[in-house]
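Peer 1: Supplied in structure tokens, the structure appears directly below.
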Amino acid sequence: MHLALFIVFAVLCVAGALNLLLQRHPINSALSLIVVMSSLAVLYLLLGAEFLAAAQVIVYSGAIMVLFTFVIMLLNAGKEERTHGSKLAYIAGFPGAAALLGLLSYIFLSRRGEFGQARLGEYLATTSDLSRVLFRDLLLPFEVTSVLILIAILGAVALARKEH
Amino acid sequence: MVPIAYYLVLSAILFSIGVAAFLIKRNIISVFMSIELMLNAVNLAFIAFSRQWSQITGHLQVNGQIFVFFVMVVAAAEAAVGLAIIIAIFRARNTLNVDQIDLMKL
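Right under this line is the structure:
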């Protein structure tokens, strides 16, 4: 059951990410990124992170991607054109990314016995477990992030405002 | 049962696709979206390692999940400011192609 769910949503994730890579139009990339983020939420749930699964759907595939699609539509972004500069990125980009993937997969798979197995329903981190740490041990960093968000809102308004 | 290493390999795959997209995409919004993809891949690795740490110590550890929470907060702030910058760039240059946005001054 766990393995079947993992395979289905992992394949969905990778397919969405590849679609993001291959699509030329930004709106298609944005929609496939929503697929990736929603399937990642299911994977978080399988790993027992229920609060983060909900937050992933609400914050990432909800708020952030709505912002992205909104900006794409606002700027009326069309198909991207191939330019001269992207040739070098092709030559260096694909082998570099493939080398990174090969190295990381080799390390993870050669030591997979040490990483252990994830069973469904074990170590379920509920919202109260998370908030106990967040509001007791990490109260100051939590409050600082609220200041960060406030500054980000002010910065976004100041940057996107029309100049007269 | 799924080995945690599989989750980590999936996270590596997503991160590598994000790196490739970051290098190949020419539209500034697509470049920004590939950064978000890389952040998501790292979040998956954090949650997988948090789960592994719980299994090693024998009781629930949520520190890795707290880290993901902070990454999400920073990503939300980053998306808001980044998209505002993209709007400002588009107003100034009338293009979204990163190859044409290569001067500090207009």
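Note that the protein sequences, when read in sequence, are chains A and B. Numbering-wise (our numbering), the first sequence opens with residue 1 and increments by one. Numbering-wise (our numbering), the second sequence opens with residue 165 and increments by one. Yeah, the Cβ is synthetic: ideal placement off N, Cα and C, and Gly gets one too.
So Phe231/B contacts chain A; which residues on that side make the cut at Cβ distance below 8 Å?
Peer 2: The residue given as residue 231/B occupies position 67 in the second sequence. Per Cβ cutoff of 8 Å: no residues; Phe231/B is ~10 Å from chain A at best.
Peer 1: Please state the DSSP three-state secondary structure of Val262/B.
Peer 2: Position 98 of the second sequence, counting from 1, holds the residue named residue 262/B. Coil, per DSSP.
Peer 1: What does a CB cutoff of less than 7 Å around Leu159/A pick up in its chain, not counting 5 residues either side in sequence?
Peer 2: Numbered from 1 along the first sequence, position 159 holds the residue referred to as residue 159/A. The answer is none, since no qualifying residue turns up.
Peer 1: For the candidate residues Ala99/A, Gly16/A, His2/A, whose alpha-carbon lies nearest to that of Gly48/A?
Peer 2: On the first sequence, position 48 is the one that residue 48/A refers to. Looking at the Cα atoms, His2/A is the closest of the given residues.
Peer 1: When we look at the beta-carbon of Asn207/B and count the other beta-carbons within 10 Å, is it buried (16 or more) or exposed?
Peer 2: Residue numbering aside, residue 207/B sits at position 43 when the second sequence is read from its first letter. The residue is buried, with at least 16 neighbouring Cβ atoms inside 10 Å.
Peer 1: If I follow the unbroken alpha helix (DSSP H) through Tyr171/B, where does it start and stop?
Peer 2: Taking the second sequence and counting its residues from 1, one reaches residue 171/B at position 7. Note, Tyr171/B: alpha helix (DSSP H), 168-188.
Peer 1: Using the beta-carbon of each residue, which ones in chain B are nearer than 9 Å to Leu168/A?
Peer 2: What the structure shows of chain A is the stretch from 1 to 164, and residue 168/A is not part of that stretch, so it cannot be assessed.
Peer 1: When DSSP labels each residue in this structure, what does Asn76/A get in the three-state scheme?
Peer 2: Translated into positions along the first sequence, residue 76/A becomes position 76. Coil.
Peer 1: For the candidate residues Glu242/B, Ala239/B, Leu247/B, Val237/B, whose alpha-carbon lies nearest to that of Thr69/A?
Peer 2: By one-based count along the first sequence, residue 69/A stands at place 69. Residue Leu247/B is the option with its Cα nearest to Thr69/A.
Peer 1: Could you give the distance in angstroms between the alpha-carbon of Leu67/A and the alpha-carbon of Gln56/A?
Peer 2: For the purposes of this step, residue 67/A is identified with residue 67 of the first sequence, where counting begins at 1. For the purposes of this step, residue 56/A is identified with residue 56 of the first sequence, where counting begins at 1. The alpha-carbon atoms of Leu67/A and Gln56/A are separated by roughly 15 Å.
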